[in-house]
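J.: Its first residue numbered 1, the sequence shown is counted upward by one per residue in UniProt numbering. Where a beta carbon is used, it is the ideal one built from N, C-alpha and C, also for glycine. Pasting a structure below so you can have a look.
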Amino acid sequence: MKKRKQKGRTQRKNRKKGKMMEITNTDERAVNADRISELPEHILHHILCLLRWPADLARTSILSKKWKVIWESFTSFDFDQRHFQCVNAADKWDHLQPLPVEKQSSIFKQAFEPLGFVELPLIHKFILFVENTLGTRLDQLPSIQKFRLHVFFSVHLLAPFMNHWISVATDKNVNELDIHAKMDGKFYALPELVFASRTITSLKLYGCEVGDYTAIKLQNLRELSMKAMRINENIVHNFVQACPLIEDMRLINCYGLKFLHVSSLPKLNKFEVHERSSLRSVKLEAPNLETFWFHGKKSSRCKLILAECGNLKNLTLKHSHMADKSFHELISHFPLLEKLFLLECRTLHRITILSDKLKTLSLVRCHKLKEVNIDAPNLLSFEYTGAELPFSSMNASRLQEVKLHLKSQKQKSVQKFIEGFDGKGFKLFLASKQGVNIYEELRGLHLSYFGAYKIQLTKSARMVENLLNSHLRDFHPKTLILKTSLTSDLLVFIQEKILNKGKTPPSCCKYYSKKCWRHYLEGAKMSLFPDASSAEYPNTILELKWSEAAPLPEDVEI
């Protein structure tokens, strides 16, 4: 009887043990499961788009059967010649060999051998890579989503191949075409069939040539970007008339344009101009335009006529010769403006900004500003970079964040400006290359003399932590001074990240060659000093010691 009971207990134990082992094994399988591969196909295609190095992209096809299918169905092609310019590039691509004759393109058979393999090995490898990729993958695809071809040297030698590759992409009903051809003093002439495509929705060109009389029939084009090209009024007019669906148009550092007039684009939402030649005027008649960027040269006297853009919400201006009167007249047409960014507007002296819609305002290096009045009750974020604080009045009751980048400043005017935020829940982040001061209480604030400082006021405790993280990474300051309550989340952050660092190296960056600041901080000495003016917010001072192996702080402005 006893033996039978003992046997029963043993069997029950074994069954429990078996269940435990089964659960453990299941847990292990769950941990080791390949969850990335279970993501939807469009997300996996997006992941492939983020892999810039062609070899890494191709390697994904051997991960599993599913990844092979994903790779074969991937409809984006990215050919960047810079991958063939790096050190030992010829060795890295030494495995590339021509396809079998029956799979070679006609242009490859004609023009490849005459180029001369010994003299131009990297050009040969680039041609082989593009030809092999298209030859092995293109036939099985019904269409192409994106075709990106960036060529930076020997464009004149590669032009016949480029013509063929672009034509192949167009024949495959490509949606997004991005061509970058960098040539000295010359422009790459695109195949004319590009401008007759019914499927291209995005066309990005750099250093390409478009003739005055090119027949443009891009009926479905929605995004047009032309950079470093020679264009004129006729070319712009031809695009505008032939492409009524354009929503985003950008003209960046183009030559030859004097008068820019755009109308008849009812869907135009964003327009961007970076001036290179002597542009005299920009006139837009676009009732649905929401974003306008203008970056003028220092000598620019370009006149901006935007009266017919009453729905504008985002305005960025870099205009060295815009007078106060012109500025006030311009922004009076935009009652819905939410974001205003003025960069190096060097002839503005006295401006007033009145808006109940404005949420973001940036005034950066407008050095002649003497008086600024702001009445924007819904303003959330404000940024200023300069030498003097020119603000006469500021009504911004909903403000959440203030950024000041000051090089040399009168101490009293800065302190007076900051005191205006006392009692409104703001925290002050004050930093130089040598030290950081953080104040969670502005009452009784006394600023010592300083030169170049970054000043940021924010209501977000997480933002303060992010600012501190970023500053420790960039500059390795020697001191950190805190005025916080003893229960502050910031002190918890300091305790975890700095004081409790320990002797063992942190494990946060073990997969990265470039380490974060925690790997170079050797130690910190903390001192606590009570503040008579605010007993709840004592001063905490940390002296930071950095390793001699730490990289030099980055040479960036505060």
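1) Pick from TRP517, ASP80, LEU224, ILE418: whose alpha carbon is nearest that of GLU176?
2) Between SER105, LYS204, PHE147, which has its C-alpha nearest PHE161's C-alpha?
3) Which of the three DSSP states, helix, strand or coil, is assigned to ARG301?
4) If GLU192 sits next to THR214, beta carbons under 8 angstroms apart, how far is it from one beta carbon to the other, in whole angstroms?
5) Could you tell me which of LYS359, GLU401, PRO377, HIS319 sits nearest to LYS368, measuring between CA atoms?
6) Give the straight-line distance between the Cα atoms of SER202 and THR75, rounded to the nearest whole angstrom.
7) Might you give, ordered along the chain, the residues of its own chain that have their beta carbon closer than 6 angstroms to the beta carbon of LEU363, omitting 5 neighbours on each side?
8) Grab the span of the beta strand (DSSP E) containing SER397 for me, first residue to last.
9) Using DSSP bridges, identify the partner residues of GLY435.
10) Using only the alpha-carbon positions, how far apart do ASN314 and HIS261 sit?
11) In this structure, does DSSP put ILE235 in helix, strand or coil?
12) Going by beta-carbon coordinates alone, are GLN81 and VAL151 separated by less than 9 angstroms?
13) Kindly list the residues whose CB is nearer than 7 angstroms to the CB of LYS217, restricted to its own chain and excluding five residues on each side of it in sequence; keep chain order.
14) Which of the three DSSP states is assigned to ASN32 in this structure?
15) State yes or no: is the C-beta of ALA228 within less than 9 angstroms of the C-beta of GLY207?
16) Can you look up GLU209 in the DSSP assignment and give me helix, strand or coil?
17) How many angstroms separate the CA atom of LYS459 from the CA atom of ASP324?
18) Among LEU544, LEU486, ILE252, PRO551, which one has its Cα closest to the Cα of LYS497?
19) In this structure, does DSSP put ILE216 in helix, strand or coil?
20) Hey, ILE494 and LEU428: beta-carbon distance below 9 angstroms or not?
21) Opposite GLU543 in the DSSP bridges: which residues?
22) CB LEU284 to CB SER263, shorter than 9 angstroms?
23) CB-CB under 6 angstroms to LYS297, same chain, minus the five flanking residues each way: which ones, in chain order?
24) In chain order, what residues of the same chain have a beta carbon less than 6 angstroms from the beta carbon of SER457, not counting five sequence neighbours either side?
25) With 16 other CB atoms within 10 Å as the buried threshold, where does CYS345 fall?
26) Looking only at DSSP bridge pairs, what is HIS405 linked to?
27) Mind checking which residues open and close the alpha helix (DSSP H) that includes SER167?
28) Please report how far the alpha carbon of LEU430 lies from the alpha carbon of LYS339, in whole angstroms.
29) Applying the 10 Å Cβ sphere with the 16-neighbour rule, what's the burial state of HIS471?
30) Tell me where the beta strand (DSSP E) around ARG148 begins and ends.
31) Does the region 178-193 come within contact of the region 122-133, defined as at least 3 CB pairs closer than 8 angstroms?
32) Please say whether LEU141 and ILE179 have beta carbons closer to each other than 9 angstroms?
33) Relative to the alpha-carbon of LEU380, which residue among PRO530, GLY386, THR360 has its alpha-carbon at the smallest distance?
34) State yes or no: is the C-beta of GLU247 within less than 9 angstroms of the C-beta of LYS267?
35) Quick one: measure Cβ to Cβ for PRO377 and SER397, integer angstroms, because I've assumed they're closer than 8 angstroms.
36) Taking Cβ to Cβ, would you say GLY435 is nearer than 9 angstroms to PRO390?
T.: According to the structure shown:
1) Here residue 176 refers to the residue found at position 176 of the sequence shown. Among TRP517, ASP80, LEU224, ILE418, the Cα nearest to that of GLU176 belongs to LEU224.
2) The residue you call residue 161 lines up with position 161 of the sequence shown. Between PHE161 and the set SER105, LYS204, PHE147, the nearest pair of CA atoms involves SER105.
3) The sequence position of residue 301 within the sequence shown is 301, counting from 1. Taken through DSSP and simplified to helix, strand or coil, ARG301 comes out as coil.
4) Indexing the sequence shown from 1 puts residue 192 at position 192. Indexing the sequence shown from 1 puts residue 214 at position 214. Contact holds; Cβ gap of about 7 angstroms.
5) On the sequence shown, residue 368 is found 368 positions in, with the first residue counted as 1. Comparing Cα-Cα distances from LYS368 to each of LYS359, GLU401, PRO377, HIS319, the minimum goes to HIS319.
6) In the sequence shown, residue 202 corresponds to position 202, counting from 1. In the sequence shown, residue 75 corresponds to position 75, counting from 1. Rounded to the nearest angstrom, the two C-alpha atoms are 15 angstroms apart.
7) As a working mapping, residue 363 is identified with position 363 in the sequence shown. Excluding residues within five positions, the ones whose Cβ falls inside 6 angstroms are LEU342, TYR384.
8) Here residue 397 corresponds to residue number 397 of the sequence shown, with the count starting at 1. First-last for SER397: undefined, no H or E at that position.
9) Translated into the one-based positions of the sequence shown, residue 435 becomes position 435. In the DSSP output, where bridge partners are listed per residue, GLY435 has THR479.
10) The count along the sequence shown starts at 1 and reaches residue 314 at position 314. The count along the sequence shown starts at 1 and reaches residue 261 at position 261. Roughly 20 angstroms between the two C-alpha positions.
11) What you label residue 235 is simply residue 235 of the sequence shown in a count that begins at 1. Three-state DSSP puts ILE235 in a helix.
12) Sequence index remark: in the sequence shown, residue 81 carries index 81 (1-based). Sequence index remark: in the sequence shown, residue 151 carries index 151 (1-based). Closer than 9 angstroms, so yes.
13) Numbered from its first residue, the sequence shown carries residue 217 at position 217. Within the same chain, LYS217 has close Cβ partners PHE195, ALA196, ALA242.
14) As a first step, residue 32 is located in the sequence shown; it is residue number 32 there, counting from the start. Because ASN32 sits at a pLDDT of 49, beneath the cut-off of 50, its placement in the model cannot be relied upon, and the point is left open.
15) Here residue 228 corresponds to residue number 228 of the sequence shown, with the count starting at 1. Here residue 207 corresponds to residue number 207 of the sequence shown, with the count starting at 1. Yes.
16) For the purposes of this step, residue 209 is taken as residue 209 along the sequence shown, with counting starting at 1. Strand.
17) Walking along the sequence shown from the start, residue 459 turns up at place 459. Walking along the sequence shown from the start, residue 324 turns up at place 324. Distance between the alpha carbons of LYS459 and ASP324 is about 33 angstroms.
18) Position 497 of the sequence shown, counting from 1, holds the residue named residue 497. Checking every option, the nearest Cα to that of LYS497 belongs to LEU544.
19) As a first step, residue 216 must be located in the sequence shown, where it is residue number 216. It is coil, neither helix nor strand.
20) Locating residue 494 in the sequence shown gives position 494, counting from the first residue. Locating residue 428 in the sequence shown gives position 428, counting from the first residue. No. Outside cutoff.
21) As a working note, residue 543 is residue 543 in the sequence shown. In DSSP, GLU543 forms a bridge with THR479, LYS525.
22) By 1-based counting over the sequence shown, the position of residue 284 is 284. By 1-based counting over the sequence shown, the position of residue 263 is 263. Cβ atoms of LEU284 and SER263: closer than 9 angstroms.
23) Indexing the sequence shown from 1 puts residue 297 at position 297. If we look at LYS297 and ignore the five residues flanking it on each side, its Cβ neighbours are GLU275.
24) Within the sequence shown, numbered from 1, the residue matching residue 457 stands at position 457. The sequence shown places Leu at residue 457, rather than the Ser named in the question. Same-chain partners within the cutoff: VAL402, PHE421, PHE426, LEU428.
25) On the sequence shown, position 345 is the one that residue 345 refers to. Under this definition CYS345 is a buried residue.
26) One-based indexing of the sequence shown puts residue 405 at position 405. Looking at the DSSP assignment, HIS405 forms a beta bridge with THR385, LYS454.
27) Here residue 167 is taken as the residue at index 167 of the sequence shown, counted from 1. Taken as a continuous stretch (DSSP letters only), the alpha helix (DSSP H) holding SER167 covers 155-171.
28) As a working note, residue 430 is residue 430 in the sequence shown. As a working note, residue 339 is residue 339 in the sequence shown. Cα to Cα, LEU430 sits roughly 25 angstroms from LYS339.
29) Position 471 of the sequence shown holds residue 471. That one is buried.
30) As a working note, residue 148 is residue 148 in the sequence shown. Start and end: 146-151.
31) Below 8 angstroms, too few C-beta pairs join the region 178-193 and the region 122-133 to call them touching: fewer than three.
32) Here the question's residue 179 lines up with position 179 in the sequence shown. Here the question's residue 141 lines up with position 141 in the sequence shown. No, these two residues do not count as a Cβ contact at 9 angstroms.
33) Numbered from its first residue, the sequence shown carries residue 380 at position 380. Here the closest residue by C-alpha is THR360.
34) Translated into the one-based positions of the sequence shown, residue 247 becomes position 247. Translated into the one-based positions of the sequence shown, residue 267 becomes position 267. A contact, by the Cβ cut-off of 9 angstroms.
35) Here residue 377 is taken as the residue at index 377 of the sequence shown, counted from 1. Here residue 397 is taken as the residue at index 397 of the sequence shown, counted from 1. With 8 angstroms as the limit, PRO377 and SER397 qualify as a contact, their Cβ atoms being about 5 angstroms apart.
36) Numbered from its first residue, the sequence shown carries residue 435 at position 435. Numbered from its first residue, the sequence shown carries residue 390 at position 390. No, they are not a contact pair.
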